[in-house]
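Protein chains: 2
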Amino acid sequence: MDCAARLFRRDGYAAVSLRDIATESGMKAGSLYHHFESKDVIVVEILNTGVQRVHEAVERAIAALPANASTAQAITAAIQAHLRALHESGDYTSANIRIFGQVPHAIRAGHIAVRRSYEALWAELLGRGVKSGQLRADVNVTSLRAFLLGAMNNTLEWLEPRRGVVTRVANDLATVILDGASVTRVPLAIARKA
Amino acid sequence: MDCAARLFRRDGYAAVSLRDIATESGMKAGSLYHHFESKDVIVVEILNTGVQRVHEAVERAIAALPANASTAQAITAAIQAHLRALHESGDYTSANIRIFGQVPHAIRAGHIAVRRSYEALWAELLGRGVKSGQLRADVNVTSLRAFLLGAMNNTLEWLEPRRGVVTRVANDLATVILDGASVTRVPLAIARKA
DNA sequence: GTCTATAGGATGATAGAC
DNA sequence: GTCTATCATCCTATAGAC
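As given, the protein sequences belong to chains Y and X, one line each in that order.
Numbering-wise (this note's numbering), the first sequence opens with residue 1 and increments by one.
Numbering-wise (this note's numbering), the second sequence opens with residue 1001 and increments by one.
Here it is as structure tokens:
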């Protein structure tokens, strides 16, 4: 499975044959079928593992916060955990993002529940923020969640995870999402002094 | 080309064979080679066309703004144009996003310049905003641009473009990016009254 | 310009020896 | 559990008739 994840991450779904996976594992293609009944089950398991690892990392990060942490702190911690899991913890997480859009619909269908479960974590986090009055009620929570996940997952396409860079980018995203990029609506340094 | 774009958008790069494209066009596979010298040139042309159409749509939207338009207005208009081009103007734009991550590296290399050119448009737009003091100087323009493009392109994965929905989502994104989702830094309605 | 036919190769999967 | 050998099928691309 580790070899398959590494190859899928690097080359994409269709470009990786069972022969490739077998060679990478030091076997021959036919031998794989003693362990897995088809290519599909390998792919589904890698997809599921990838999401679950990010899910657990984010869950841990939120659980580790002090009880009185603000929604802003929780979102920042969650973004940090998601990006770190994506860039620094193995091939399953990045393989998932990479190949999800490439696999046949049947495979997607067998994996979608795991995704929904992770998305629900974010929906809850953001929903709590709105309910507690810490996030604006006029932003659509569904859109915001999708923007966040899209922006985070897309970092795989451009971010080279050198030392410390992931942390900086995570802070950039948290800042923009929470405070906005515009100056005109942020004379808050001023507003605070006033 | 139209048939190919439609199929690539729906099924992805590897899942579409030349036979599929030929059948969809009312031809046989061999006949395609009288018009295109390989599958690669079809794919590259579709990729290029997709980006160019979005690029032109965004350029037009910015050019149509009044001369004294603010950076915030320009960004909002650009987001509107990008999302509308993605969701409402044919298969080339969405096929591009869909299959870009699936094509062999050689094809990517032949297409990357067109992408860079479009990204430069955004870099300029955001850079002008910072220079003119309308965007915060402490947000990383490179990150912001990547977040925006990632969030926008990812809408293809979740947004069903019913009537008017694209416009609403574009406004959601512009609001979040410019003003932020947090309440604590946005008592601006208050600040404005004061 | 479109067709048929096919070369030349890769792929997922299976059968059976060891 | 791993191997070799192979099936059946698909692919891109080419050759040559019409």
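The C-beta atom is built at its ideal place from N, Cα and C for all residues, glycine as well.
### Query
Is the CB of Val1176 of chain X under 7 Å away from at least one CB in chain Y?
Your numbering for residue 1176 of chain X matches position 176 in the second sequence. Between Val1176 of chain X and chain Y, the shortest Cβ-Cβ separation is below 7 Å.
Expected contact under 8 Å - CB spacing of Glu37 of chain Y and Leu121 of chain Y to nearest Å: Within the first sequence, residue 37 of chain Y is the residue found at index 37, counting from 1. Within the first sequence, residue 121 of chain Y is the residue found at index 121, counting from 1. Between Glu37 of chain Y and Leu121 of chain Y, the beta carbon gap of about 31 Å keeps them out of contact (Cβ cut-off 8 Å).
What residues from the region 1053-1085 of chain X come within 9 Å of chain Y, judged by C-beta to C-beta, listed N to C? Here the close residues are Ser1070, Thr1071, Ala1072, Ile1075.
I'd like to know whether the C-beta of Ala1004 of chain X is nearer than 7 Å to at least one C-beta of chain Y. By one-based count along the second sequence, residue 1004 of chain X stands at place 4. So, not an interface residue.
Can you give me the start and stop residues for the alpha helix (DSSP H) that His111 of chain Y sits inside?
-> One-based indexing of the first sequence puts residue 111 of chain Y at position 111. Segment 105-131, the alpha helix (DSSP H) holding His111 of chain Y.
Verify the CB distance criterion: does Leu1144 of chain X have a CB-CB separation below 7 Å to chain Y? Working through the second sequence from its first residue, we reach residue 1144 of chain X at position 144. At least one chain Y Cβ lies under 7 Å of Leu1144 of chain X.
Note to self: Restricting to Cα atoms, I'd like to know which of Y:His87, Y:Gly12, Y:Ala4 is closest to Phe981 of chain X.
What the structure shows: Shown here, chain X extends from 1001 to 1194; a query on residue 981 of chain X therefore has no answer.
Verify the CB distance criterion: does Val1114 of chain X have a CB-CB separation below 7 Å to chain Y? The count along the second sequence starts at 1 and reaches residue 1114 of chain X at position 114. Cβ-Cβ to chain Y under 7 Å: no for Val1114 of chain X.
| message | What would DSSP say about Leu65 of chain Y, mapped onto helix, strand or coil? | response | Position 65 of the first sequence, counted from the first residue, corresponds to residue 65 of chain Y. In this structure, Leu65 of chain Y counts as coil in the three-state DSSP scheme.
Practice problem: Throw me the rounded Cβ distance for the Val1141 of chain X and Gly1127 of chain X pair, which I believe falls under 8 Å. | Solution: Counting from one through the second sequence, the residue named residue 1141 of chain X turns up at place 141. Counting from one through the second sequence, the residue named residue 1127 of chain X turns up at place 127. With a contact defined as Cβ atoms closer than 8 Å, Val1141 of chain X and Gly1127 of chain X qualify at about 6 Å.
Original post:
Skipping 5 residues on each side, what residues in its chain have a beta carbon closer than 7 Å to that of Ala144 of chain Y?
Top reply: Working through the first sequence from its first residue, we reach residue 144 of chain Y at position 144. At residue 144 of chain Y the sequence reads Leu, which differs from the Ala that was named. So the qualifying residues of the chain are Leu126.
Using 7 Å as the threshold, is the C-beta distance between Ala1174 of chain X and Ile177 of chain Y below it? The count along the second sequence starts at 1 and reaches residue 1174 of chain X at position 174. The count along the first sequence starts at 1 and reaches residue 177 of chain Y at position 177. With respect to Ile177 of chain Y, Ala1174 of chain X sits apart: the two C-beta atoms are not nearer than 7 Å.
Can you tell me which of the three DSSP states Leu1135 of chain X falls into?
-> Start at 1 with the first residue of the second sequence, and residue 1135 of chain X comes out as number 135. The three-state reading of DSSP puts Leu1135 of chain X in strand, counting E and B together.
Expressed to the nearest angstrom, what Euclidean distance is found between the alpha-carbon atoms of Met1027 of chain X and Val103 of chain Y? Indexing the second sequence from 1 puts residue 1027 of chain X at position 27. Indexing the first sequence from 1 puts residue 103 of chain Y at position 103. Between the C-alpha atoms of Met1027 of chain X and Val103 of chain Y there is a straight-line separation of about 28 Å.
query = Looking at C-alpha atoms only, which residue of Y:Ser132, Y:Arg84, Y:His55, Y:Ala67 is the closest neighbour of Val165 of chain Y?
reply = Taking the first residue of the first sequence as 1, we reach residue 165 of chain Y at position 165. Taking the Cα of Val165 of chain Y as reference, the smallest distance to any Cα among Y:Ser132, Y:Arg84, Y:His55, Y:Ala67 is reached at Y:Arg84.
Can you pull the chain X residues whose beta carbon is under 9 Å from the beta carbon of Arg98 of chain Y, in chain order?
Within the first sequence, residue 98 of chain Y is the residue found at index 98, counting from 1. Those within 9 Å of Arg98 of chain Y in chain X are Gly1101.
Quiz item: Taking Cβ to Cβ, would you say Arg19 of chain Y is nearer than 7 Å to Asp91 of chain Y?
Solution: Within the first sequence, the letter at position 19 stands for residue 19 of chain Y. Within the first sequence, the letter at position 91 stands for residue 91 of chain Y. Not closer than 7 Å, so no.
When the cut-off is 7 Å and only beta carbons count, does Leu7 of chain Y lie next to chain X?
Here residue 7 of chain Y refers to the residue found at position 7 when the first sequence is read from its first residue. Taking 7 Å as the CB threshold, Leu7 of chain Y stays off the interface with chain X.
**Item:** CB contact check: Lys193 of chain Y to chain X, cutoff 7 Å
**Value:** As a first step, residue 193 of chain Y must be located in the first sequence, where it is residue number 193. Because the pLDDT at Lys193 of chain Y is just 38, under 50, the model does not fix this residue reliably, and the point stays unresolved.
Exercise for the section: Following the continuous alpha helix (DSSP H) through Met152 of chain Y, name the residue where it begins and the one where it ends. Expected result: On the first sequence, position 152 is the one that residue 152 of chain Y refers to. Here the alpha helix (DSSP H) through Met152 of chain Y covers 141-154.
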